[in-house]
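Data first, discussion second: the structure below is written as structure tokens.
In our numbering, the protein residues as written are 600 to 891.
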């Protein structure tokens with residue numbers, strides 16, 4: 600039997616995969632609870648009411664207006680406690696906000712990264728300003744303006760910069776556990792391997808064992824910690840990041856595929872071809888032609 604108190608959000612996945620963005624108003628839905636699971640998109644919520652947000656291994660009790668930043672690598676749930684609960688939600692893929700694969704990862708942002716503070720208290724004045732931005736995005740998403748994606752990206756970045764100017768406040772001062780700290784270090788170490796800038800230098804860390812050795816922990820222990828916090832294995836994170844870099848190199852360089860394969864740590868181009876097709880559903884040559 601379907602739980603009537605469960606706020607359905609997963610249906611936005613299909614739309615996001617098509618255009619990478621959706622914004623909508625949160626209706627007054629008392630006692631609703633979001634499922635504690637990973638999502639396939641980044642999220643910014645502006646909400647007013649009383650609630651408890653469970654984020655990774657931490658819990659935040661909110662009463663008033665807050666701005667929440669959700670990362671698709673981190674599971675969370677949202678319990679609504681008050682009888683009145685309203686606001687706005689903006690969902691977007693990283694590809695939508697980052698037209699270039701070479702731009703900085705959102706995981707490095709203080710607002711989205713693991714171990715950061717995803718919940719900010721908002722004053723009434725700030726709420727009025729942010730309400731206006733969300734309403735502009737809702738209005739713009741319905742128009743036929745040919746550059747509306749760029750305009751919406753600017754609105755999202757405006758919200759992010761407004762948030763960065765605020766002093767993050769931990770609503771619940773719960774200490775990060777060992778799994779969260781280790782996962783944070785792993786993801787930062789993974790990101791530091793990129794971008795690949797030369798065909799003469801291979802990736803230094805290519806496997807889960809390489810990262811475990813670098814962090815002086817057992818590979819199984821690292822994998823358990825990363826999977827507990829993000830829902831993905833260390834190998835999945837590594838594969839997805841290598842695939843993302845491969846796309847960037849295919850699209851933005853004139854390197855031949857053998858050189859790209861070598862730079863990304865593959866002994867033979869055929870290994871790289873099989874890897875790329877498994878992750879993306881197409882081979883490197885076809886991907887490069889499609890993006891020309």
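Backbone N, C-alpha and C fix where the C-beta goes; we use that ideal spot for every residue, glycine too.
Beta-carbon contacts of residue i that lie in its chain and below 8 Å, excluding the five residues immediately before and after
{"i": "residue 800", "result": "862"}
{"i": "residue 747", "result": "739, 740"}
{"i": "residue 723", "result": "664"}
{"i": "residue 807", "result": "818, 821, 822, 832, 833, 834, 837"}
Reduced DSSP category for residue i - H, G, I as helix; E, B as strand; rest coil
{"i": "residue 629", "result": "Because residue 629 carries a pLDDT of 46, less than 50, the predicted location of this residue cannot be relied on, and no value is offered for it."}
{"i": "residue 622", "result": "strand"}
{"i": "residue 877", "result": "helix"}
{"i": "residue 760", "result": "helix"}
{"i": "residue 866", "result": "coil"}
{"i": "residue 652", "result": "strand"}
{"i": "residue 747", "result": "helix"}
{"i": "residue 752", "result": "helix"}
For residue j and residue i, believed in contact at Cβ under 8 Å, the rounded distance
{"i": "residue 804", "j": "residue 792", "result": "6 Å"}
{"i": "residue 785", "j": "residue 716", "result": "Contact flag wrong, Cβ pair sits at about 20 Å."}
{"i": "residue 883", "j": "residue 872", "result": "6 Å"}
{"i": "residue 696", "j": "residue 752", "result": "6 Å"}
Residue i vs residue j beta-carbon contact at 8 Å
{"i": "residue 675", "j": "residue 645", "result": "no"}
{"i": "residue 652", "j": "residue 667", "result": "yes"}
{"i": "residue 640", "j": "residue 711", "result": "no"}
{"i": "residue 849", "j": "residue 887", "result": "yes"}
{"i": "residue 664", "j": "residue 721", "result": "yes"}
{"i": "residue 625", "j": "residue 718", "result": "no"}
{"i": "residue 623", "j": "residue 737", "result": "yes"}
{"i": "residue 794", "j": "residue 845", "result": "no"}
Sequence-distant residues of the same chain with beta carbon closer than 6 Å to residue i, five excluded per side
{"i": "residue 827", "result": "778"}
{"i": "residue 829", "result": "672"}
7 Å CB neighbourhood of residue i in its chain, flanking five on each side removed
{"i": "residue 876", "result": "882"}
{"i": "residue 811", "result": "817, 818, 821"}
{"i": "residue 868", "result": "856, 857, 860"}
{"i": "residue 842", "result": "875, 878, 879"}
Item to check | Three or more C-beta pairs below 8 Å linking the region 676-691 and the region 830-839 | outcome: When Cβ pairs closer than 8 Å are counted between the two stretches, the region 676-691 is seen not to touch the region 830-839, the count staying below three.
Next on the checklist: Quick test of the definition: if touching needs 3 or more C-beta pairs under 8 Å, does the region 730-737 touch the region 748-765?
Outcome noted: The answer is yes - the region 748-765 touches the region 730-737, with three or more Cβ pairs under 8 Å.
Checklist entry - Should the region 853-867 be regarded as contacting the region 810-829, the criterion being three or more beta carbon pairs within less than 8 Å? => result Result no; under three Cβ-Cβ pairs closer than 8 Å.
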